[in-house]
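Residue numbers (the UniProt record's numbering): 1 to 924.
Just so you know, even glycine gets a beta-carbon here, dropped at the ideal spot from N, CA and C.
Okay, so here's the structure we're looking at.
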């Protein structure tokens with residue numbers, strides 16, 4: 001099959017290069033384009049129509065749709081249909097048809113399910129209707145993954161109940177469809193770039209000066225790393241293939257797949273995009289019908305914020321394959337390179353990383369090379385593989401690296417090569433090499449197997465090596481210029497760099513426990529040593545000792561502080577060993593903690609900087625500290641500290657209750673509470689606590705929502721730590737989050753009141769019709785870029801006295817119970833399906849309200865929860881798959897665990913365990 005002109009593919013050329021072949025020629029001129037495995041071209045001829053013997057022939061309309069392009073099908077089917085409702089649907093367990101659907105209608109074409117094509121699947125939808133496979137596929141929005149088809153039989157957004165079906169449709173469009181017909185971008189796990197590109201425009205290769213390395217550069221003799229291997233600098237490269245070159249194009253094995261090297265085929269995502277908080281607003285209902293006889297109407301929404309969970313890099317997999325790749329590269333060197341510059345290939349250390357990119361020594365002239373790092377030896381090979389451009393012993397001569405404006409500059413301690421610039425249009429390549437030189441090289445860090453190469457796998461893939469399938473998929477998608485699935489990006493990109501941690505731990509020497517002072521001392525000292533042992537070299541540690549004055553005298557009103565300094569400081573052991581507790585019937589003053597913090601901020605001004613992780617950990621026993629005053633608590637919040645309250649006790653105390661009260665109606669989420677039964681339990685979980693601190697990648701995040709004061713909308717109630725409160729400003733709401741680690745999530749509910757009279761006056765709404773109305777704007781900042789969006793709702797005005805099926809049912813509690821919870825838990829749902837993310841928050845608010853006010857028994861509460869979770873739909877794939885909520889596997893398992901813990905409540909302590917867990921962690 002001859003390749004078309006517009007394909008970016010490389011292959012084998014049957015004609016050997018001429019003597020005048022220039023070294024700046026492209027690799028693509030040496031290869032005959034081939035079709036990569038798994039990317040067979042689609043025939044342009046329609047497949048013959050084959051019908052089952054018992055299947056009636058399809059209508060002319062459906063038969064014609066099966067033979068036109070997907071773009072034309074979508075245009076045809078959407079024309080005249082209702083607009084899809086924006087949502088994201090998550091997978092549910094597969095349910096195979098077990099009965100005859102001959103008399104049922106398709107939810108989209110409304111024809112009988114019997115009228116289907118040969119081998120065409122019947123899909124079960126989330127709305128309990130059925131549809132033809134092709135009908136659903138052609139209605140998928142190729143430009144917006146959240147735009148799902150609406151079932152014409154019930155008017156509800158629908159998805160296949162089988163996740164595999166949905167992924168199969170995505171794969172067909174993403175991989176198997178021709179690029180000229182392609183318009184459907186990656187769906188489930190798409191990464192949206194923060195900026196279009198951070199790279200400068202690469203000049204055309206036609207004007208590329210390939211001889212900038214050709215001038216003779218004197219060699220600097222260096223200590224040999226292995227026999228005949230040195231930092232040779234950069235030697236002149238030959239202008240053509242010489243007659244004694246053992247390499248000819250005919251000796252090349254055809255690569256299994258083609259690298260993505262052109263700028264158009266490069267993913268624009270960078271490592272920071274993996275950390276970008278995902279924000280969405282979920283409505284209780286898809287649309288609302290308002291009776292114009294009522295004065296006001298309230299609608300509820302949920303703002304969902306989460307970060308993607310980053311998996312640890314897997315560096316221990318398949319050493320055998322790594323060795324095979326190394327041997328393959330060495331054999332290619334021996335076969336193709338004429339002048340090895342004195343390098344003994346057999347004594348090179350293991351291959352670490354290899355890619356193709358451009359280099360420059362003056363920032364003006366650029367040359368395409370193949371870069372290889374063998375542990376700590378950098379070897380650059382000319383694009384034509386005819387000669388070695390240069391080699392550098394990194395351990396001896398590499399000093400620093402800087403990534404700026406998309407170019408990576410390497411600095412060396414040699415006169416022949418003071419610096420080297422690297423650039424590539426593929427940002428994955430740049431991110432990976434920057435990570436290697438900035439972090440892994442200095443720490444002897446291993447590169448995951450899938451990251452060994454990004455755009456140069458074709459060099460070693462001759463069909464004999466088991467190249468990772470994700471690497472192949474990565475290549476196929478980038479070859480088409482597509483954004484990449486999140487699961488692949490997590491593997492091909494290096495893990496983002498966490499922020500340095502400034503950790504301040506406060507301990508009290510007032511022993512209020514029933515144990516002896518000696519045992520209490522051992523527990524406190526072991527806790528501090530355990531925390532210090534798990535801090536990294538870039539972390540700093542500070543210690544606040546309560547109950548002892550600067551003269552080392554016992555004093556419950558005094559405190560002493562140490563730090564901030566590195567956890568490896570030799571003086572910490574002496575300080576810890578010097579701690580000595582005493583029995584006291586007096587509580588230590590909490591205000592002394594704030595006094596010490598103020599002094600630390602003066603000594604360490606970096607603690608006042610924004611964008612720094614500042615953790616204050618209180619390790620305390622019950623009744624050891626008095627209560628926080630509002631002024632002291634606000635000072636800690638205003639300085640940007642995250643307060644982690646570690647209570648080591650069998651029960652809660654007044655200090656905990658006072659702190660919980662202080663955050664009432666507070667929309668800054670900076671307080672965490674954890675209770676441990678004893679010090680043994682605390683010691684077993686202290687390591688995990690520090691590891692969570694070290695996974696923080698975003699120190700501050702603010703989401704602001706604004707409603708125009710002249711509009712008929714206003715914030716009626718907003719959630720604050722599990723309680724609905726009246727906002728101070730009915731037109732403005734700011735949610736401030738602190739220390740977002742990977743997998744972090746936060747859900748907050750808000751209710752908006754609609755002035756019906758003002759709504760009718762402000763908007764030309766047609767009665768008995770639905771209209772999309774913008775009610776507020778919301779925005780947040782990420783990496784210096786402001787993201788602004790609008791929230792719109794679908795509203796309808798009606799004169800009817802009855803309540804619409806898409807409006808909340810007026811069957812609610814009165815009095816002390818919230819009006820949000822219907823008193824019909826065991827009856828079939830009378831309203832449309834709700835999103836499970838919204839139901840999760842609704843259940844949690846109900847549990848918090850019940851456990852706080854004790855207005856119903858636990859058995860009644862469980863019955864209410866069963867009523868709420870019936871009939872909800874599981875949406876928002878990204879949240880359920882990539883936030884830390886995925887540890888519950890799915891929504892149903894989380895609800896089972898919550899109900900199980902509610903049924904196990906025995907006393908006041910177990911009641912507060914669930915209450916405070918939901919308030920501060922939003923899970924059980």
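Practice problem: Label residue 841 either buried or exposed according to how many other C-beta atoms from any shown protein chain fall within 10 Å of its C-beta, with 16 as the threshold for buried. | Solution: buried
Fill in: The alpha helix (DSSP H) enclosing residue 160, as first and last residue numbers
Element bounds for residue 160: n/a, residue is neither H nor E.
**Prompt:** Assuming residue 851 contacts residue 911 under a Cβ cut-off of 8 angstroms, what Cβ separation, rounded to an integer in Å, is found between them?
**Reply:** 6 angstroms
- Buried or exposed: residue 358, going by 16 or more other Cβ atoms within 10 Å of its Cβ? buried
### Query
In chain order, what residues of the same chain lie with their CB nearer than 7 angstroms to the CB of residue 952, ignoring the 5 residues before and after it?
The requested residue 952 does not occur in the structure, where the chain is confined to residues 1 to 924.
Q) Quick one: what's got a C-beta closer than 6 angstroms to residue 397's C-beta in the same chain, skipping five residues either side? A) 231, 412, 413 and 414
- Neighbourhood of residue 104 by C-beta, 6 angstroms cutoff - its chain only, sequence neighbours within 5 removed: 113 and 130
**Report entry** CA-to-CA distance, residue 878 to residue 905, given in whole angstroms
**Finding:** 33 angstroms
Report the three-state DSSP secondary structure of residue 864 (helix, strand or coil). helix
Assuming residue 572 is part of the alpha helix (DSSP H), what are its boundary residues? 571–577
With a CB to CB cut of under 7 angstroms and the five nearest residues on each side skipped, what residues in its chain are close to residue 727?
715, 718 and 733
Any idea which residues DSSP pairs residue 786 with across the strands? 781
Please state whether the Cβ-Cβ distance between residue 645 and residue 696 is less than 9 angstroms. no
Next on the checklist: Mapping the DSSP letters down to three states, classify residue 329 as helix, strand or coil.
Outcome noted: helix
Could you check the C-alpha separation between residue 677 and residue 757 for me, to the nearest Å? 57 angstroms
For residue 437, report the span of its beta strand (DSSP E) as first-last.
Segment: none, residue 437 is in no beta strand (DSSP E) and carries neither H nor E.
Worksheet entry | Bounding residues of the beta strand (DSSP E) (the contiguous stretch that carries residue 113) | Note, residue 113: premise wrong, no beta strand (DSSP E); not H, not E.
Any chance you could list the beta strand (DSSP E) runs of at least 3 consecutive residues sitting entirely within the segment 362–438, in chain order?
-> 367–374, 377–382, 388–393, 398–404, 407–412 and 419–423
Exercise. Does the distance from the C-beta atom of residue 704 to that of residue 634 stay below 9 angstroms?
Worked result: no
- Query: Which stretch, first to last residue, makes up the alpha helix (DSSP H) that contains residue 844?
  - Reply: 836–853
Buried/exposed call for residue 550, threshold 16 Cβ in 10 Å = exposed
Q: Could you tell me the distance, in whole angstroms, from the CA atom of residue 925 to the CA atom of residue 444?
A: Nothing can be reported for residue 925: it is not among the residues displayed for the chain, which extend from 1 to 924.
Taking residue 891 as the reference, give the member of 903, 907, 869 and 902 with the closest Cα. 869
Quiz item: Does the pairing of the segment 565–574 with the segment 534–547 give three or more beta-carbon distances under 8 angstroms?
Solution: yes
Reference residue 837, options 874, 711 and 342, closest by Cα
874
ask   = Grouping DSSP H, G and I as helix and E and B as strand, with all else coil, what is residue 691?
value = helix
CB of residue 902 within 9 angstroms of CB of residue 848, strictly:
no
**Study point:** For residue 869, the three-state DSSP class (helix, strand or coil)
**Key:** helix
Threshold first: 4 residues or longer. Then list the alpha helix (DSSP H) segments lying entirely within the segment 581–660, N to C. 591–603 and 630–638
Hey, how far is the Cα of residue 493 from the Cα of residue 586? 55 angstroms
Give the secondary structure of residue 283 by DSSP, where H, G and I count as helix, E and B as strand, and everything else as coil.
strand
Can you tell me whether residue 886 is buried or exposed? The criterion is at least 16 other CB atoms within 10 Å of its CB, across all chains shown. exposed
Practice task
Quick one: give me the first and last residue of the beta strand (DSSP E) that residue 741 is part of.
Solution key: 732–741
query: Can you find at least 3 beta carbon pairs, one from the segment 378–389 and one from the segment 445–454, that sit closer than 8 angstroms?
result: no
Using only the alpha-carbon positions, how far apart do residue 919 and residue 787 sit? 28 angstroms
Among 591, 544 and 598, which has the Cα closest to the Cα of residue 572?
544
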